[in-house]
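Under the working numbering, think of the first position of the sequence shown as 467, with each following residue one higher. To start, the structure itself, in structure tokens.
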Amino acid sequence: MDKIKNLFASYFKQRSIPFYIGVGAALLSIIAGIVYIGVLSGLDAKFLSGTVIALPIVGGILYLIGSLFRQTRWGAILMTTLDFISLIVFALTVYEYPLEQVMVISNVMDIPFMKGIIFVAVLLLLTTILSNVVCYLPLGKKKEVAAKEKGE
């Protein structure tokens, strides 16, 4: 049991801050897919897409799996790509809903589900930007810092 505990402790000690930003982006990506289901499930089926649900969740999981196999950079690239595709699909599937509702309701914020649509759009945009930033950050600790922590 101590061997497993030491393995996990050394694994997380070897990681840099950008890695943890990536983990946060992955968790936020998974949350974005779940929030999409919860917030917009009352919309008509033609304004919903299973792609928007699945892609952020898959992207977040792929980043986490990739980081376990030391392929963090590729996981971040896949997460960025899938988050961006889900953002585009979200915009293409939902844009007609506010346009149809504006014909009946004059104030845009009085449209049912409008706050949820804006929230999901901002969340998807945030996960896309954050996962893209992780692609360009150095994901491993520098050797000087690692040697300093060991006391050399």
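Every residue gets a Cβ at the ideal spot worked out from N, C-alpha and C, and that includes glycine. Keep in mind that this is a model prediction, so the values were computed, not measured.
Within 10 angstroms of its Cβ, does residue i collect 16 or more other Cβ (buried), or is it exposed?
| i | result |
| --- | --- |
| residue 565 | exposed |
| residue 529 | buried |
| residue 570 | exposed |
| residue 604 | exposed |
| residue 550 | buried |
| residue 485 | buried |
| residue 572 | exposed |
Which residue's Cα is closest to the Cα of residue i: the options?
| i | options | result |
| --- | --- | --- |
| residue 552 | 529, 594, 576 and 569 | 594 |
| residue 508 | 563, 528 and 599 | 563 |
| residue 598 | 490, 471 and 547 | 547 |
| residue 495 | 540, 559, 482 and 544 | 544 |
| residue 580 | 513, 472 and 520 | 513 |
| residue 500 | 480, 524 and 511 | 524 |
| residue 584 | 540, 489, 560 and 492 | 560 |
| residue 542 | 469, 511, 493 and 479 | 493 |
| residue 491 | 526, 539 and 582 | 526 |
| residue 480 | 536, 532, 558 and 578 | 536 |
| residue 578 | 470, 510, 472 and 489 | 510 |
| residue 489 | 505, 534 and 471 | 534 |
I need the DSSP call for residue i, collapsed to helix, strand or coil.
| i | result |
| --- | --- |
| residue 536 | coil |
For residue i, which residues in the same chain have their Cβ closer than 8 Å to its Cβ, ignoring the five residues on either side in sequence?
| i | result |
| --- | --- |
| residue 556 | 502, 515, 518, 586, 587 and 590 |
| residue 487 | 596, 599, 600 and 603 |
| residue 540 | 532 |
Does chain D have any CB closer than 9 Å to the CB of residue i?
| i | result |
| --- | --- |
| residue 483 | Considering every chain present, this structure includes no chain D. It has just one protein chain. |
Between residue i and the rest of its own chain, which residues show a CB-CB distance below 6 Å, the 5 nearest in sequence each way excluded?
| i | result |
| --- | --- |
| residue 522 | 495, 498, 499, 549 and 552 |
| residue 574 | none |
| residue 582 | 505 and 506 |
Enumerate in chain order the residues of its own chain whose CB-to-CB distance from residue i is below 7 Å, with the five nearest sequence positions on each side excluded.
| i | result |
| --- | --- |
| residue 576 | none |
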